[in-house]
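So the working numbering is basically just the index in the sequence shown, starting at one, shifted up by 143.
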Amino acid sequence: MGEYKDKSVIVTGGAGHIGRAISEAYLCAGANVVICGRREPSKPVEADGRSAVFVKADIREAAQAQKVIDQCMAETGRLDILVNNAGGSPPVEAATASPVITDKIIQLNLVAPLVLSQMAYSAMSATKESANIINIASVSGARPSPGTAAYGAAKAGLLSATKSLAQEWGPGVRVNAIIVGLVHHDAGIEHYGGPEGFAKVAQMLPLKRMAEPTDIADACMYLSSQQAAYVSGASLEVDGGGEVPVFLHLADQ
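Next comes the structure, spelled out in structure tokens:
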């Protein structure tokens with residue numbers, strides 16, 4: 144991992160569940176890491192005796208997004224990798240979702256990473272070295288997403304943007320996406336009906352477990368490495384083999 148030494152990485156939402164694992168992986172590899180979020184983390188993001196720089200910012204606001212880029216350039220003088228990780232959505236039925244909620248979901252999961260990528264491209268071009276943008280997408284953008292329709296639509300748009308930006312910005316900047324499947328999170332066990340339901344969902348997957356945040360971090364490290372030098376515009380599925388179609392379970396009953 145010596146190739147990451149002294150390179151600079153921005154991870155949006157870098158103190159969260161998946162974001163923290165991504166940030167720690169780059170820190171361990173010797174990179175300078177800048178993270179951002181609307182609230183300062185209660186626990187610093189640290190690994191291997193090194194710490195990430197935190198910038199308080201709501202990336203849905205263009206001026207605040209630019210502040211993250213500017214802080215990274217001021218701290219390190221360069222930007223090599225952007226991981227658009229911040230995102231998410233509460234469960235909300237399409238029929239009752241307010242226009243305000245729908246707009247906020249799409250702003251966070253599609254507009255913000257697209258605008259931040261545009262800002263990052265300018266900074267990356269100044270470095271004059273190969274750079275990388277990685278968009279953290281979701282299976283919700285690749286299959287129906289009832290209960291989170293706006294989120295699924297936004298992530299589908301992010302996958303489309305990934306391919307378009309890869310074509311516009313090559314060869315100087317490679318752009319890829321990770322389609323994240325179900326991820327283990329202790330706080331979300333009740334969402335699956337408690338420990339028993341959680342275990343059943345995990346067993347449904349071909350690899351018989353949900354992803355750990357480090358699985359997503361490992362995928363980021365690969366996509367931004369020289370091992371993936373000819374990979375751009377790709378959507379890497381990190382989902383344990385994918386969700387088994389429901390009709391197969393019904394047919395067995």
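Beta carbons are placed, not taken as given, at the ideal position from N, Cα and C, and that holds for glycine.
Quantities reported herein were computed from a predicted structural model and do not represent experimental measurements.
CB I153 to CB S166, shorter than 7 Å?
Position 10 of the sequence shown holds residue 153. Position 23 of the sequence shown holds residue 166. No. Outside cutoff.
Could you tell me which whole alpha helix (DSSP H) segments of length 4 or greater appear in the region 306 to 374?
338 to 347, 356 to 366
Please report the straight-line C-alpha distance between V258 and A205, rounded to a whole angstrom.
Locating residue 258 in the sequence shown gives position 115, where the first residue counts as 1. Locating residue 205 in the sequence shown gives position 62, where the first residue counts as 1. Each residue's Cα considered, the two are about 7 Å apart.
Within 10 angstroms of the Cβ of S194, are there 16 or more other Cβ atoms? Answer buried if so, exposed if not.
For the purposes of this step, residue 194 is identified with residue 51 of the sequence shown, where counting begins at 1. So S194 ends up on the exposed side.
Could you have a look at K199 and say whether DSSP puts it in helix, strand or coil?
Here residue 199 refers to the residue found at position 56 when the sequence shown is read from its first residue. Residue state, collapsed to three classes: strand.
Would the beta-carbon of A293 fall within 7 Å of that of I249?
In the sequence shown, counting from the first residue as 1, residue 293 sits at position 150. In the sequence shown, counting from the first residue as 1, residue 249 sits at position 106. Contact flag set, yes.
Do you know whose CA, among K351, N278, S303, lies nearest A229's CA?
Here residue 229 is taken as the residue at index 86 of the sequence shown, counted from 1. The residue with the shortest Cα to Cα distance from A229 is N278.
For R182, count the other beta carbons within 10 Å of its own beta carbon; 16 or more makes it buried, fewer makes it exposed. Which is it?
Indexing the sequence shown from 1 puts residue 182 at position 39. When all chains shown are included, R182 counts as exposed.
By the three-class DSSP mapping on this structure, what secondary structure does V152 have?
Taking the sequence shown and counting its residues from 1, one reaches residue 152 at position 9. Strand at V152.
Measure the CB-CB distance between H160 and P287 and report whether it falls below 7 Å.
In the sequence shown, residue 160 corresponds to position 17, counting from 1. In the sequence shown, residue 287 corresponds to position 144, counting from 1. No, the pair does not count as a contact, with Cβ atoms beyond the cut-off.
Cβ-Cβ separation, S303 to L222 (assumed contact under 8 Å), whole Å:
Here residue 222 refers to the residue found at position 79 of the sequence shown. Here residue 303 refers to the residue found at position 160 of the sequence shown. No, L222 and S303 are not in contact; Cβ-Cβ is about 24 Å, not under 8 Å.
Under a three-way DSSP split, which group does L379 fall into?
As a working mapping, residue 379 is identified with position 236 in the sequence shown. DSSP places L379 in strand when its eight states are reduced to three.
E281, DSSP secondary structure in three states
Within the sequence shown, residue 281 is the residue found at index 138, counting from 1. Glu is not the amino acid found at residue 281; the sequence shown has Ser there. Strand.
Sheet register partners of V226 (DSSP bridge)
Along the sequence shown, one-based indexing puts residue 226 at 83. Partner(s): V154, I277.
For the alpha helix (DSSP H) that M162 lies in, which residues bound it at each end?
Numbered from its first residue, the sequence shown carries residue 162 at position 19. Per the sequence shown, the amino acid found at residue 162 is Gly instead of Met. Where G162 is concerned, the enclosing alpha helix (DSSP H) stretches over 160 to 171.
Do S232 and T305 come within 7 Å of each other at the CB atom, strictly closer than that value?
Position 162 of the sequence shown, counted from the start, is the residue given in the question as residue 305. Position 89 of the sequence shown, counted from the start, is the residue given in the question as residue 232. No, the Cβ-Cβ distance between T305 and S232 is not below 7 Å.
Using 7 Å as the threshold, is the C-beta distance between A200 and N252 below it?
Taking the first residue of the sequence shown as 1, we reach residue 200 at position 57. Taking the first residue of the sequence shown as 1, we reach residue 252 at position 109. No.
Residues of its chain near V374, where Cβ-Cβ distance is below 8 Å and the 5 sequence neighbours each way are ignored
Counting from 1 along the sequence shown, the entry for residue 374 is found at position 231. Once the five neighbours on either side are set aside, the close Cβ partners of V374 are R317, N319, L366.
For D358, which option in V235, S378, G383 has the closest C-alpha, if you only look at C-alpha atoms?
Position 215 of the sequence shown holds residue 358. Of the listed residues, the one whose Cα sits closest to D358 is G383.
Report the residue from V211, C215, R203 whose alpha carbon sits nearest the alpha carbon of N175.
Sequence index remark: in the sequence shown, residue 175 carries index 32 (1-based). Checked all of V211, C215, R203; the closest Cα to N175 is C215.
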